[in-house]
Amino acid sequence: MRLSRYFLPVLKETPSEAQIVSHRLMLRAGLIKQASAGIYSWLPFGYKVLRRIEQIVHEEQIRAGHLPMLMPTIQSADLWRESGRYDAYGAEMLRITDRHDRDMLFTPTAEELITDIFRAHVTSYKDLPLTMYQIQWKFRDEIRPRFGVMRGREFYMKDGYNFDLTKEDALHAYNRHLVSYLRTYERMGLQAIPMRADSGPIGGDDTHEFLVLAETGESEVFYDSEITDLRFGDREIDYDDRAQCQGVLEEFTSRYARTDETHDPELFAKIPAERQRVARGIEVGQIFYFGTKYSEPMGAMVDDGKGNRVPVHMGSHGIGVSRLVGAIIEASHDDKGIVWPEGVTPFHVGIVNLKQGDAACDGACEGLYKAFVAKGLEPLYDDREERAGAKFATMDLIGLPWRITVGPRGLGAGVVELTCRRTGASEELSPEAAVARVA
Ligand code: ATP
Ligand code: MG
Ligand code: MG
Ligand code: MG
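Next comes the structure, spelled out in structure tokens:
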């Protein structure tokens, strides 16, 4: 992409309404624009990040054996009356009446709708286990939308639902989700710690939230500092291997890590004092096992192979896809701007031409551009007639992992400058060597 043809409405002023750094940087770097309170347009640059995050979520869910699908955002209230949540959900639910005076709503989550799909088609244990998920817009009329996309009213969420014959099978599904989530967040360059949590309006006893530690997080968290040494890494995982998945769950949840809702000061006090941590975190996902909470009232039953009709055991599993954009920036920025982790960066490398219109510089930039494209990478070429300082400031603000600077002096010596955004370190290399380093 050439910056001269792109839409990157960078703001010079720091927007006064933004209280936290990720919100400020998302506005300043032209990722989003507020449409109304808690509702945002995703501009081309922000949309690219959102899509990359979504893609990682898809890949890891499919790897775990879960089936992608898509349900509507507008749902009939009738299903929600069956589960009892139409009244229970309260003011967070956006209720809509259509022209025939039918009660509709904008989905805040989708347990009812997926259970309705299940009961219409599945009647036998032979069709289990089954896990389906979607990545779809949700709406919750949050009392205090704030921090940009972190607490929006409209937000993009992955929600997955497992259907199993027994509690044991459903807990395996729970463990699969835990493992796939660990992989998902690590691919985004994030450490998200599973913490024992409260189930809220979804219901159920077994639940973990995934939290990214950050001062601006809305949750208070208590944990044993040893937990921050754990990494999933690139270990091989067989999602059908129950013992292996259970082993990962135990490894990542055996140390104390809880949100304020489930915090137990007595247990916490037993951790050696130097390892006790009280901090703040951003909830980027949550997994639930809730058994037959929806299958029973909604009649999602299967034949268990022994002549009984039994309600299926279920769980649901969410990832805050749009919130993650903010969470990643909270975890990865400096005073000049965003520092994208390689896994989610919207462009792999920025090319800065210090002398636009100079035949040698223009030619070298075009050559680099083509070389990156040939390697399957997406460069962003700043080909504007701008001062070097302005070009550098823009590149630092938008946070691409690598910058290549092309100027007449360097080219005279056969080199360009390659700069790493994270460390700030620069080196002079031939254009070919610079491409090879980035690729
Ligand atoms: P919170 O405690 O922040 O209100 P939640 O527990 O109500 O979130 P869940 O029902 O667990 O949310 O939804 C799954 C995920 O969706 C959350 O872990 C979070 O990452 C994301 N999410 C929830 N509410 C919002 C929101 N208002 N804006 C952006 N993302 C959200
Ligand atoms: Mg909430
Ligand atoms: Mg929560
Ligand atoms: Mg939650």
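In my numbering, the protein residues as written are -13 to 425. The beta-carbon is built from N, C-alpha and C at its ideal position, and this holds for glycine as well.
- Could you give the C-beta distance for L114 and L151, rounded to a whole number, given that I count them as a contact under 8 Å? Position 128 of the sequence shown, counted from the first residue, corresponds to residue 114. Position 165 of the sequence shown, counted from the first residue, corresponds to residue 151. Rounded, the Cβ-Cβ distance is 5 Å, consistent with contact.
- Task: Report the residue from V108, Q177, V359, I273 whose alpha carbon sits nearest the alpha carbon of Y160.
- Result: Within the sequence shown, residue 160 is the residue found at index 174, counting from 1. Minimum Cα distance to Y160 is reached at I273.
- Can you give the beta carbon distance from E212 to R241, rounded, assuming they're within the 8 Å contact cut? Sequence index remark: in the sequence shown, residue 212 carries index 226 (1-based). Sequence index remark: in the sequence shown, residue 241 carries index 255 (1-based). Confirmed, Cβ separation roughly 5 Å.
- Residues that DSSP places opposite S205 in a beta bridge: Translated into the one-based positions of the sequence shown, residue 205 becomes position 219. Per DSSP, G267.
- Query: What's the gap between the Cα of K292 and the Cα of S110?
  - Reply: Counting from 1 along the sequence shown, the entry for residue 292 is found at position 306. Counting from 1 along the sequence shown, the entry for residue 110 is found at position 124. So the two alpha carbons sit approximately 11 Å from each other.
- Item | DSSP state of H334 mapped onto helix, strand, coil | To locate residue 334, count along the sequence shown from 1; it is residue 348. Residue state, collapsed to three classes: coil.
- Query: If you drop the 5 nearest sequence neighbours on each side, which residues of the same chain put their C-beta closer than 8 Å to that of P283?
  - Reply: Here the question's residue 283 lines up with position 297 in the sequence shown. E68, S69, G70, listed in sequence order.
- Start-to-end residues for the beta strand (DSSP E) that takes in I82: On the sequence shown, residue 82 is found 96 positions in, with the first residue counted as 1. Segment 80 to 83, the beta strand (DSSP E) holding I82.
- Query: Can you find a heavy atom of ligand 4 that lies under 7 Å from the Cβ of G353?
  - Reply: Mapped onto the sequence shown, residue 353 falls at position 367. No - ligand 4 has no heavy atom lying nearer than 7 Å to the Cβ of G353.
- Item | Local conformation of G438 per DSSP, three classes | It is not possible to answer for residue 438, since the shown part of the chain is limited to -13 through 425.
- Cβ-heavy atom distance, R130 to ligand 1, below 7 Å: Counted from its first residue, the sequence shown places residue 130 at position 144. Outside the cutoff, so no.
- Nearest-angstrom beta carbon gap, Y367 and L(-11) [assumed within contact, 8 Å]: The residue labelled residue -11 in the question sits at position 3 within the sequence shown. The residue labelled residue 367 in the question sits at position 381 within the sequence shown. Rounded, the Cβ-Cβ distance is 6 Å, consistent with contact.
- chain B within 8 Å of R126, Cβ atoms only: Absent from the structure is chain B; it holds one protein chain and no more.
- Query: Counting Cβ pairs closer than 8 Å, one from the region 294 to 312 and one from the region 123 to 143, do we hit at least three?
  - Reply: yes
- Message: With a threshold of 7 Å on Cβ separation, who are the neighbours of D89 within its own chain once the five nearest residues in sequence on each side are excluded?
- Response: Walking along the sequence shown from the start, residue 89 turns up at place 103. Excluding positions up to five away in sequence, the list reads A63, R81, T83.
- Query: Is the Cβ-Cβ distance between I121 and E40 less than 8 Å?
  - Reply: Counting from one through the sequence shown, the residue named residue 121 turns up at place 135. Counting from one through the sequence shown, the residue named residue 40 turns up at place 54. Yes, these two residues count as a Cβ contact at 8 Å.
- Message: Between M(-13), D184, I337, which has its C-alpha nearest A350's C-alpha?
- Response: Here residue 350 corresponds to residue number 364 of the sequence shown, with the count starting at 1. Comparing Cα-Cα distances from A350 to each of M(-13), D184, I337, the minimum goes to I337.
- Considering only residues of the region 314 to 359, which uninterrupted beta strand (DSSP E) runs meet the minimum length of 3 residues and lie entirely inside it, listed in chain order? 335 to 339
- Item | Contact between the region 254 to 272 and the region 187 to 206 (3+ Cβ pairs under 8 Å) | yes
- Task: Under 6 Å Cβ to Cβ from E328, same chain only, skipping five residues before and after it: list those, please.
- Result: The residue you call residue 328 lines up with position 342 of the sequence shown. P387, listed in sequence order.
- Under 7 Å from any heavy atom of ligand 3, does the C-beta of E195 make it? Your numbering for residue 195 matches position 209 in the sequence shown. Checking every heavy atom of ligand 3 against the Cβ of E195, one is found closer than 7 Å.
- Query: Among residues of its own chain, excluding the 5 on either side of F(-7), which ones have a beta-carbon nearer than 6 Å to its beta-carbon?
  - Reply: As a first step, residue -7 is located in the sequence shown; it is residue number 7 there, counting from the start. Only P30 meet the Cβ criterion.
- Since P180 sits in a beta bridge, which residues does DSSP pair it with? By one-based count along the sequence shown, residue 180 stands at place 194. For P180, which the question treats as bridged, DSSP gives the partners F196.
- Item | Within the region 235 to 299, ranges of the alpha helix (DSSP H) (whole runs, at least 4 residues) | 251 to 255, 281 to 284
- Message: Pull the bridge partners of W28 from the DSSP assignment, please.
- Response: Taking the sequence shown and counting its residues from 1, one reaches residue 28 at position 42. BP columns for W28 point to I18.
- How would you call G285, buried or exposed, if buried means at least 16 neighbouring beta carbons within 10 angstroms? Taking the first residue of the sequence shown as 1, we reach residue 285 at position 299. The residue in question, G285, is exposed, as its Cβ has fewer than 16 Cβ neighbours within 10 Å.
- Check: G203 C-beta below 7 Å from any heavy atom of ligand 4: Within the sequence shown, the letter at position 217 stands for residue 203. No, since every heavy atom of ligand 4 falls outside the 7 Å radius drawn around the Cβ of G203.
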